[in-house]
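The block underneath contains the structure these notes are about, expressed in structure tokens.
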Amino acid sequence: MSDICAELLYEIEMLELTERTRVRILLSAKFKGRPSVRAFLSPPIEGVVLQTYGAGNGPSQRKDLFDELKRANRRGVIIVNCTQCSLGQVDPSYETGRALVDVGVVPGSDMTLEAALTKLSYVLSKKEWTIQTKRNMMKANLRGELTVYKEMKFEDLDVITAIIRTLRLSSSEVSRLY
1 MSDICAELLY
11 EIEMLELTER
21 TRVRILLSAK
31 FKGRPSVRAF
41 LSPPIEGVVL
51 QTYGAGNGPS
61 QRKDLFDELK
71 RANRRGVIIV
81 NCTQCSLGQV
91 DPSYETGRAL
101 VDVGVVPGSD
111 MTLEAALTKL
121 SYVLSKKEWT
131 IQTKRNMMKA
141 NLRGELTVYK
151 EMKFEDLDVI
161 TAIIRTLRLS
171 SSEVSRLY
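Position 162 of the sequence shown, counting from 1, maps to 162 under full-length UniProt numbering, and the rest follow consecutively.
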């Protein structure tokens, strides 16, 4: 039993499948302009997996595209940001990642494109869930498909905390270090 990671074992749950999916994949390299993105995000679309670069970076200088993502989000479209990199994860602490979160895009952590598409289809099929519950479930680890992102804070670093205590720095002295 020592070779099995118990936290990755999940209880079997019945899954209901639907014939229709209202989910699309949008590659950030394919941002042609506002009209095409608006058409892409138009009803009946309910969910989009946005594939971006590196740690979740997209064309941040394109305010028109961010406006369309925000507009779709307000209409209830769930947009999940996934990286095209095979290693690493979407990190919303970078400027572009933060800008995407600010317009309502859900960071997909280290989910693969395929896992995000499947999960989004499943989450959208849960008609009894509110839109906010669906967004929250996209950030949660349901079946081992993602690593839950925990924003790193300066205070969380044990070494830094130990140094601060050893040097007996006051909070005003610590705040100047930031």
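Where is the CB? At the ideal position from N, CA and C, for every residue including glycine.
Whole-angstrom distance between R98 and Y122, CA atom to CA atom: Taking the first residue of the sequence shown as position 1, residue 122 is located at position 122. Taking the first residue of the sequence shown as position 1, residue 98 is located at position 98. Cα to Cα, the separation comes out at about 26 Å.
Nearest neighbour of K32, chosen from R62, L100 and N81 [CA to CA]: Counted from its first residue, the sequence shown places residue 32 at position 32. Closest option to K32, Cα to Cα, is R62.
Given 8 Å, three or more beta-carbon pairs between the region 165 to 175 and the region 117 to 134: no
Cβ-based burial, S42 [other Cβ within 10 Å; buried from 16]: For this step, residue 42 is matched to residue 42 along the sequence shown. It is exposed - the Cβ of S42 has fewer than 16 other Cβ atoms within 10 Å.
Assigned exposure category for L142 - 16 Cβ within 10 Å defines buried: The residue given as residue 142 occupies position 142 in the sequence shown. Counting Cβ neighbours within 10 Å, L142 comes out exposed, since fewer than 16 surround it.
Contacts around V159, its chain only, beta-carbon distance under 7 Å, and the 5 residues preceding and following it disregarded: As a working note, residue 159 is residue 159 in the sequence shown. Closer than 7 Å at Cβ, skipping near neighbours: no residue.
Assigned exposure category for T52 - 16 Cβ within 10 Å defines buried: By 1-based counting over the sequence shown, the position of residue 52 is 52. So T52 ends up on the buried side.
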